[in-house]
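Residue numbers (this note's numbering): 904 to 983.
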């Protein structure tokens, strides 16, 4: 029985990319501006996933992760 949860996921923003690490299940992600505008969305199906964000302006964003199996959600602020 796995005790990992979405809260164990590490989100790292570095050099215009966003790394998602320690994913235990397929995870849907959505990136929002601080005004609530949806910037991009996708699905990570591996234990780690890198989102290319070079076309996104520098600033503060909100990333929402949703476990595709349990539907658990997690939101984190990131700086690009």
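Built from N, CA and C at the ideal position, the CB exists for glycine as well. Small disclaimer: the values here were computed from a predicted structure and weren't measured.
Open item on the list: Distance check for residue 943 and residue 909, CA to CA, integer angstroms please.
Closed with: 20 Å
Task: Straight-line Cα distance separating residue 932 from residue 941 - done: 11 Å
Open item on the list: Quick check on DSSP: helix, strand or coil for residue 968?
Closed with: strand
Open item on the list: Taking the alpha carbon of residue 876 as the reference point, which residue from 913, 911, 917 has its own alpha carbon closest?
Closed with: Here the chain has residues from 904 to 983 only, and residue 876 is not among them.
- [ ] Could you name the residues that DSSP lists as bridge partners for residue 845?
- [x] Shown here, the chain extends from 904 to 983; a query on residue 845 therefore has no answer.
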